[in-house]
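First to last, the sequence lines map onto chains A and B. Numbering follows my numbering, in which position 158 of the first sequence is assigned residue number 158; successive positions increment by one, without gaps. Numbering-wise, my numbering comes out as the position in the second sequence, counting from 1, plus 1000. Beta carbons: idealized from backbone N, C-alpha and C, even for Gly. Predicted model only: the values in this text are computed from it and were never measured. What follows is a short report on a single structure.
There are 2 protein chains.
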Amino acid sequence: MSRATTRDGGAGAAAPPSQAAQTAPAGGRMAADERRLQIVRVAVRLFSERGFRGTTTKEIAQAAGVSEAIIFRHFATKDDLYAAIIDYKACARTGACPFAPETEQPPFVEAVRRPVEEAMRRGDDRAVFEALALTMMQHHQDDPEFLRLLMFSALEGHQLAQIFWDKNARVLYDFLGTYIRERQRRGAFRDVDPLVVVRAFTGGVTHHSLVNSLWDPDPARRILHITNEEAAREFTEILLRGISADAPAVKPARERKRTAAVKKGKKK
Amino acid sequence: MSRATTRDGGAGAAAPPSQAAQTAPAGGRMAADERRLQIVRVAVRLFSERGFRGTTTKEIAQAAGVSEAIIFRHFATKDDLYAAIIDYKACARTGACPFAPETEQPPFVEAVRRPVEEAMRRGDDRAVFEALALTMMQHHQDDPEFLRLLMFSALEGHQLAQIFWDKNARVLYDFLGTYIRERQRRGAFRDVDPLVVVRAFTGGVTHHSLVNSLWDPDPARRILHITNEEAAREFTEILLRGISADAPAVKPARERKRTAAVKKGKKK
DNA sequence: CTGAGGTAAGTAAGCACTTACTTTTATCAC
DNA sequence: GTGATAAAAGTAAGTGCTTACTTACCTCAG
C-alpha cells in the first residue's frame, strides 16, 4: 500500500540519483496503478512547462525514472497519455476520484461552490464575490500547473480546454449569472447584463493570476505585489460599487445636466 | 513594390495551386527583402497557430511557396527567424524598424495612446477608459495572431513575452496609473491602489479578448455575444462607479473646489 | 559570365513507438 | 515453509519517420 520503502537499499542499480529524477527517485518497482499515476503526474508537470508538443516521451520517462517503453506499456500513444491527464485534472482535486471517469463533479467549480453558495444564502454580496475571487486565485496559486496546462491546451487546440470550459467556466457563468439576476430583481444591483458582470469580474481575477504566473513570478512579484486576500477585497469592492443599484449617479458623464458650460460638440 | 504579378502565368511549375499555399502562391522570384519579409509574415501566422515548437521549417517553407533551404538562406537558424519576428511584431509598427512594413498598425501602446491621452487632457474619465478598452479589444480582434503569439511566447519562455511587457504593458501601467493617481488627488476617484485598478480593468478587457479568441470564436460567439463597443461601455461603467469617490450627498458639482466635505481620511 | 535567388537531395539527430528479452513477485500445490 | 510458475514490471536496442539544417547544383537578370 504505502509507497515502496520495501527495497530501497536493494539492487541499487535501478535509478542512479545522480541526475534527473527531480520529482521522485521512483527507484523501485511499482504496482501498475501506482506507476501509471506517477507517469500522469510527471507528464502533467512537463506538459504544463513545455506544452504537449514540446514535451517528448523520453523526457517523461527520464523524469519518471523509467525507460520509455514503460510509458507505452501504460498508454498506447502519447495522445492516450494526454487523455489520461484530462481525466486526472478534471477530477483529481476532488479527492473522490482515484481514476474512474464516474465523477461528474468539476473540481474547480466544486471548490468554489461551497463557500460562495453559503454566502449567497446569507445574501452577503461582498462575501460571495470575495470568496469567489479568493478561491480562484488560491486555486491558481496552489496549482500553477493547471493554468499553464489550460492555456497550452487552448492554444494547441486540445480537448482539455473545451472540457474545462464546459465543466467549470460554463457552470460558473450560469450560477453566478443566476445569482446576479436574482439580486437585480430584488433591486440590489442595477440593470447590467449579468454575463458581462461575470466576464468582467472573473476576467480581472483570472488575468491577475495569469500575469502573476507568466510575467511576475512568485518570490519577487515586482509588478503588483499584493496578497490574494487584498486583491480579492479590492476587486470585489470595485465590482460591488460598480453594479450596486443605490450608487450615486456616477460622474460628469451625465452631461445632459450641464448644458451651460463646455459642451464640446461631442456625440449625442 | 507590389506583390508579384510579374510572372504569374509564367513557368507554371513553380507553385501548384492544388494544395497548401494558403497564404500566397508567391510563385515568382523575389528580391531578398521582399522574400525575407514574406517569410516572417508566414512564420508569424504559423507560430501563432501552432506555437514555435509546433511549427516546422518545412511547413513555413511550403506556406511561403519556397524550398526549405530558402528559409535558411535568410535566417541562420529557426531561433533567428523567431528573433526577426520579435522585431517585426515589437517594432514594425513604430516605423523605426529595419524592415518595417509601413502599412500596418502602430504598436499596441502607441495605438492606445493617442485617443486616451486626448481624453485625459479633457479630464473625461469615461472617454479615457472607454477608448482604452475599445482600442485594446479592437487591436486584439484585428490582429488575433498577436494574442496567440504572445501567449505561446509567454508559455514557451521566449523573449517576445518579456519585450511585450516592457514595451507595452509596463508603459500602460505607468501612464494609466499616473492618471488615476492624479484623479485621486483631485478627489474624483476614491483611494485605491492605482495599479490594482489598472490590473482589474485591463484584466477584464484582455480576458474578454482571450476568451473570445480561444473559446468563443467570432461568427458564432455564443458565450457572450456583445460588440466591442458595448463591452467597452459596460466595463467602463462598472469601473468608474467602482472607483469614483464617495459622494454621500450627490454633488455633481466640480469637486476640485469642494475641499470641505469629501476628502476623507485618505492621505497617509 | 557573374552573382543573387532558388532548388533537389541530402545528413545527423531526435521523435513516437516496438520488439525481444530479463527480472521480480504474488500464488499455490506440496 | 519451500519452490515451480505464470503474470506482470522492467529494460536495451531497435524501427521508420520527421526535424533542423547543409551541400551541391541550377537559372536567369544585369
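Q.
Are the CB atoms of residue 203 of chain A and residue 235 of chain A within a distance shorter than 7 Å?
A. For the purposes of this step, residue 235 of chain A is taken as the residue at position 235 of the first sequence. For the purposes of this step, residue 203 of chain A is taken as the residue at position 203 of the first sequence. Going by C-beta atoms, residue 235 of chain A is not nearer than 7 Å to residue 203 of chain A.
(Q) How far does the alpha helix (DSSP H) with residue 39 of chain A in it extend, from its first residue to its last? (A) The residue you call residue 39 of chain A lines up with position 39 of the first sequence. Unbroken alpha helix (DSSP H) run through residue 39 of chain A: 32-50.
Q.
Here's the rule: buried if 16 or more other CB atoms are within 10 angstroms of the residue's CB, otherwise exposed. What is residue 38 of chain A?
A. Sequence index remark: in the first sequence, residue 38 of chain A carries index 38 (1-based). It is buried - the Cβ of residue 38 of chain A has at least 16 other Cβ atoms within 10 Å.
Q) Name the DSSP bridge partner or partners of residue 1244 of chain B? A) Walking along the second sequence from the start, residue 1244 of chain B turns up at place 244. DSSP lists B:1189 as partners of residue 1244 of chain B.
**Q.** DSSP-derived helix/strand/coil call for residue 1150 of chain B
**A.** As a first step, residue 1150 of chain B is located in the second sequence; it is residue number 150 there, counting from the start. Helix.
Q: Can you pull the chain A residues whose beta carbon is under 9 Å from the beta carbon of residue 1044 of chain B, in chain order?
A: Taking the second sequence and counting its residues from 1, the one referred to as residue 1044 of chain B is at position 44. Residues of chain A passing the Cβ test: none, with the nearest at roughly 15 Å.
(Q) Using the Cβ count rule (16 or more neighbours within 10 Å means buried), how would you classify residue 1062 of chain B? (A) Counted from its first residue, the second sequence places residue 1062 of chain B at position 62. By the 10 Å Cβ count, residue 1062 of chain B comes out buried.
Q.
So, with DSSP's three-state summary, where would you put residue 1239 of chain B?
A. The residue labelled residue 1239 of chain B in the question sits at position 239 within the second sequence. Residue 1239 of chain B: helix per DSSP, three-state reduction.
(Q) Is there a C-beta anywhere in chain A that falls below 7 Å from the one on residue 1206 of chain B? (A) Taking the first residue of the second sequence as 1, we reach residue 1206 of chain B at position 206. Answer yes: the Cβ-Cβ gap between residue 1206 of chain B and chain A drops below 7 Å somewhere.
Q) Would you say residue 1151 of chain B reaches chain A, if we count a Cβ-Cβ gap shorter than 7 Å as a contact? A) By one-based count along the second sequence, residue 1151 of chain B stands at place 151. It does: the Cβ of residue 1151 of chain B has a partner Cβ on chain A nearer than 7 Å.
**Q.** Assigned secondary structure, residue 951 of chain B (DSSP; H/G/I helix, E/B strand, else coil)
**A.** Outside the displayed range of chain B (1001 to 1268) lies residue 951 of chain B, so it cannot be described from this structure.
Q | Boundaries (first-last residue) of the alpha helix (DSSP H) holding residue 1114 of chain B | A | Stepping through the second sequence from its first residue, residue 1114 of chain B is reached at position 114. Membership of residue 1114 of chain B in the alpha helix (DSSP H) is indicated by the continuous run 1108-1122.
Q. In chain A, which residues lie less than 7 Å from residue 1235 of chain B when you measure between Cβ atoms?
A. Position 235 of the second sequence holds residue 1235 of chain B. The contacting residues are 200.
**Q.** CA nearest to the CA of residue 1136 of chain B, picked from B:1161, B:1125 and B:1116
**A.** Taking the first residue of the second sequence as position 1, residue 1136 of chain B is located at position 136. When each option's Cα is compared against that of residue 1136 of chain B, the closest is B:1116.
Q | Cβ-based burial, residue 1208 of chain B [other Cβ within 10 Å; buried from 16] | A | Counted from its first residue, the second sequence places residue 1208 of chain B at position 208. A residue is called buried once 16 or more other Cβ atoms fall within 10 Å of its Cβ, and residue 1208 of chain B is buried on that count.
Q. What residues of chain A sit near residue 1117 of chain B, judged by a beta carbon separation below 8 Å?
A. As a working note, residue 1117 of chain B is residue 117 in the second sequence. By Cβ distance, chain A contributes nothing, its closest Cβ being about 16 Å from residue 1117 of chain B, past 8 Å.
Q | Extent of the continuous alpha helix (DSSP H) to which residue 221 of chain A belongs | A | What you label residue 221 of chain A is simply residue 221 of the first sequence in a count that begins at 1. Run containing residue 221 of chain A: none; DSSP gives neither H nor E here.
Q. So which residues of chain A does residue 1192 of chain B contact, with C-beta pairs closer than 9 Å?
A. Within the second sequence, residue 1192 of chain B is the residue found at index 192, counting from 1. What residue 1192 of chain B touches in chain A: 234, 237 and 238.
Q | Alpha-carbon to alpha-carbon, residue 1143 of chain B and residue 1160 of chain B | A | Numbered from its first residue, the second sequence carries residue 1160 of chain B at position 160. Numbered from its first residue, the second sequence carries residue 1143 of chain B at position 143. Taking the Cα positions, residue 1160 of chain B is about 16 Å away from residue 1143 of chain B.
Q.
On a Cα-Cα basis, can you pick out the residue from A:130, A:81, A:150 and A:214 that is closest to residue 230 of chain A?
A. Sequence index remark: in the first sequence, residue 230 of chain A carries index 230 (1-based). Measuring from the Cα of residue 230 of chain A, the nearest candidate turns out to be A:130.
Q.
With H, G and I counted as helix, E and B as strand and the rest as coil, what does DSSP make of residue 65 of chain A?
A. Position 65 of the first sequence holds residue 65 of chain A. Residue state, collapsed to three classes: coil.
(Q) Less than 7 Å between CB atoms is the rule here; does residue 1176 of chain B satisfy it with respect to chain A? (A) As a position in the second sequence, residue 1176 of chain B is number 176, starting the count at 1. No, because no Cβ of chain A sits closer than 7 Å to the Cβ of residue 1176 of chain B.
**Q.** Option in B:1033, B:1030, B:1149 and B:1123 with minimal Cα separation from residue 1214 of chain B
**A.** Position 214 of the second sequence, counted from the start, is the residue given in the question as residue 1214 of chain B. When each option's Cα is compared against that of residue 1214 of chain B, the closest is B:1149.
(Q) Distance cutoff 7 Å, beta carbons only. Does residue 1187 of chain B sit that close to anything in chain A? (A) The residue you call residue 1187 of chain B lines up with position 187 of the second sequence. No, because no Cβ of chain A sits closer than 7 Å to the Cβ of residue 1187 of chain B.
Q: Report yes if the C-beta distance between residue 1108 of chain B and residue 1139 of chain B is below 7 Å; otherwise report no.
A: Taking the first residue of the second sequence as position 1, residue 1108 of chain B is located at position 108. Taking the first residue of the second sequence as position 1, residue 1139 of chain B is located at position 139. Against a cut-off of 7 Å, the Cβ pair of residue 1139 of chain B and residue 1108 of chain B comes out as a contact.
Q) Just how far apart, CA to CA, sit residue 30 of chain A and residue 52 of chain A? A) Position 30 of the first sequence holds residue 30 of chain A. Position 52 of the first sequence holds residue 52 of chain A. Going by the C-alpha atoms only, they are around 26 Å apart.
Q. Under the rule that 16 or more other beta-carbon atoms within 10 Å means buried, what is residue 1036 of chain B, buried or exposed?
A. Here residue 1036 of chain B is taken as the residue at index 36 of the second sequence, counted from 1. Buried, because 16 or more other Cβ atoms sit within 10 Å of the Cβ of residue 1036 of chain B.
Q) Counting pairs of beta carbons, one from the segment 1042-1051 of chain B and one from the segment 1079-1093 of chain B, are three or more of them closer than 8 Å? A) Taking a cut-off of 8 Å for Cβ pairs, the segment 1042-1051 of chain B and the segment 1079-1093 of chain B touch, as three or more such pairs fall below it.
(Q) Let me make sure I understand the geometry here. Which of A:68, A:173 and A:163 has the alpha-carbon closest to that of residue 132 of chain A? (A) Sequence index remark: in the first sequence, residue 132 of chain A carries index 132 (1-based). With distances taken between Cα atoms, residue 132 of chain A lies closest to A:173.
**Q.** Cross-chain neighbours of residue 224 of chain A in chain B, by beta carbon under 9 Å
**A.** What you label residue 224 of chain A is simply residue 224 of the first sequence in a count that begins at 1. In chain order: 1173, 1193, 1195, 1196, 1198 and 1199.
Q) Exposed or buried, residue 187 of chain A, counting other C-beta atoms within 10 Å across all chains shown (16 or more means buried)? A) Residue 187 of chain A sits at position 187 when you count from the first residue of the first sequence. Around the beta carbon of residue 187 of chain A, fewer than 16 other beta carbons sit within 10 angstroms, so the residue counts as exposed.
(Q) Here's a check: name, in chain order, each residue in its chain whose Cβ is nearer than 6 Å to the Cβ of residue 179 of chain A, leaving out the five neighbours to either side. (A) Here residue 179 of chain A refers to the residue found at position 179 of the first sequence. Closer than 6 Å at the Cβ level, and outside the excluded window around residue 179 of chain A, lie 120.
Q | Proximal chain A residues relative to residue 1160 of chain B, where beta-carbon distance stays under 9 Å | A | Residue mapping note: residue 1160 of chain B aligns to position 160 of the second sequence, counting from 1. Here the premise fails: no neighbours, minimum Cβ distance about 12 Å.
(Q) Please list, in chain order, the chain B residues whose beta carbon lies closer than 8 Å to that of residue 154 of chain A. (A) For the purposes of this step, residue 154 of chain A is taken as the residue at position 154 of the first sequence. Near residue 154 of chain A (Cβ distances below 8 Å), the residues of chain B are 1214 and 1215.
Q: Indicate whether residue 134 of chain A and residue 228 of chain A have their beta-carbon atoms separated by less than 7 Å.
A: Here the question's residue 134 of chain A lines up with position 134 in the first sequence. Here the question's residue 228 of chain A lines up with position 228 in the first sequence. A contact, by the Cβ cut-off of 7 Å.
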